[in-house]
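Heads up: the structure comes next, in structure tokens.
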Amino acid sequence: MSTNEALTTYLELRESTPDGEETSGLSHSSEGLVLLHVLEVAADGEPRGGVTLLHDAGDHGGRYLEAADVLAGGGWAVALPDMRGHGRSEGERGHSNGAKEIVRDVQAVQEHLAYRLPTAPKVLVGQGLGALHAVLFALECPGSVAALVLIAPLLDPRFELPQPGGLMKLFKKPGPTAAGRVGFTPEALTADAERQAAWRSDELVHDVITRRAAEQAVELATRCRAHLGEVDVPVLVLAGGDDSLADPAAARALAGGSVEVRVKDGLRHDLLHEAGARELATEICEWLSGVVR
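If you want it as structure tokens, here you go:
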């Protein structure tokens, strides 16, 4: 349980075109704006840098307050955004307009951190689908991050795509915003019964992913496997040895160069919500202390 108070910020972002570009035109009204919900946890003492933690599909940033508390204790200011269509952020549930939108939104959070920490290093930590988003940002915005921590990256996403409905629509492909299923279960995420129950009772968790977002995830996974070695910063990959959603063997295959892989025996997909989660967050802090100056 977090002991550091989290403050809420809403970032005003522009709506997107279908290909993820920012819509044109600015106004002082709410029309054309999307509010992105971000929880912020201040560092203990003088901050050594900023960490943005990107959640998994169907998830939200508020579930990571325990990890944020540990990181804050290690001197990091932490931002926990709810990505568009998730948690308390606006946007169609489970939908993404593509890679350009993801990069824009992560950039907005990074710029918000930079306003408070203009010269301090910035780190991205991503869980599951959020790990793919972190890699995308690092590839598209070289020099913007000092390190990456990828937790159970979804290198082979297996979301349930929406199916055509009704006889007349049998051969018509569902539209980009048609809803499919994330398909995660609490038992696949963690072996901890208490945390399984917390997932089930969390009203901000959802099981929706649209066709566009699911197809985008597959594209990002392919890019991550092919190009992670091109990221010019230290990368730590953490995988659960018993993860049925993200194959630990695929994570091991990422090792080499600046990419270090650690597989945790007995753990499932959601490593920061397993027994010993605080110890794992402490391990991340210690690794960051060794690679970020």
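With the working numbering, letter number 35 in the sequence shown gets 598, and the count goes up by one each step, no holes. For each residue, glycine too, the CB sits at the ideal point set by N, CA and C.
Any chance the stretch 763-780 sits against the stretch 640-657, with 3 or more Cβ pairs inside 8 Å? yes
Beta-carbon within less than 6 Å of A844's beta-carbon, same chain only, minus the 5 sequence neighbours each way: which residues are those? A630 and V633
What is the DSSP secondary structure of T845, reduced to helix, strand or coil? helix
Inside the stretch 741-826 only - alpha helix (DSSP H) runs reaching at least 4 residues: 749-752, 756-764, 774-790 and 811-815
If we count the other Cβ atoms within 10 Å of its Cβ and call it buried at 16 or more, is R831 buried or exposed? buried
Taking T748 as the reference, give the member of L702, G738 and S764 with the closest Cα. S764
Could you tell me the distance, in whole angstroms, from the CA atom of H675 to the CA atom of V798? 23 Å
What separation, rounded to the nearest whole angstrom, lies between the Cα atoms of L718 and V781? 8 Å
Buried or exposed for C787, going by 16 or more other Cβ atoms inside 10 Å? buried
Using a threshold of 9 Å, state whether the C-beta atoms of V597 and E575 are closer than that. yes
Mind checking which residues open and close the beta strand (DSSP E) that includes G537? As shown, the chain starts at 564 and ends at 856. That puts residue 537 outside it, with no answer to give.
Which same chain residues, not among the five before or five after D645, have their C-beta less than 6 Å away from its C-beta? H600, H623, G624, R651 and S652
If you draw a straight line from the C-alpha of H696 to the C-alpha of Q779, how long is it? 10 Å
Would you kindly report the start and end of the unbroken beta strand (DSSP E) that includes Y573? A569 to R577
When E793, L692, L617 and A840 are compared against Q670, the one with the closest alpha-carbon: L617
Which partner residues does E723 have in the DSSP bridge list? R744
Three-state secondary structure (DSSP) at V686? strand
Looking at the unbroken beta strand (DSSP E) that takes in G636, where does it start and where does it end? G636 -> not in any beta strand (DSSP E); alpha helix (DSSP H) instead, spanning L628 to G636.
Just mark E609 as buried or exposed, buried being the case when its beta carbon has 16 or more other beta carbons within 10 Å. exposed
Using the Cβ count rule (16 or more neighbours within 10 Å means buried), how would you classify A606? buried
So, using beta-carbon positions, are V672 and A635 closer together than 9 Å? no
My output table needs one value for V666: the three-state DSSP class, helix, strand or coil. helix
With distances taken between CB atoms, is the gap from V708 to V796 smaller than 9 Å? yes
Buried or exposed: M564, going by 16 or more other Cβ atoms within 10 Å of its Cβ? Per-residue confidence for M564 stands at a pLDDT of 43, beneath the threshold of 50, marking its modelled position as unreliable; no derived number is given.
Does G624 come out as helix, strand or coil in the three-state DSSP assignment? helix
I'd like to know whether the C-beta atoms of E723 and R744 end up nearer to each other than 9 Å. yes
Measuring alpha carbon to alpha carbon, tell me which residue in D668, A715 and W639 is nearest L680. W639
Check H832 in the structure and name its three-state DSSP category. coil
Could you check the C-alpha separation between R647 and L752 for me, to the nearest Å? 22 Å
Contact defined as beta carbons within less than 8 Å: I believe T572 pairs with E578. What is the distance between those atoms, to the nearest angstrom? T572 to E578, Cβ: 19 Å. No contact.
In three-state DSSP terms, what is G650? coil
Along the chain, where does the beta strand (DSSP E) that runs through V601 open and close? L596 to V604
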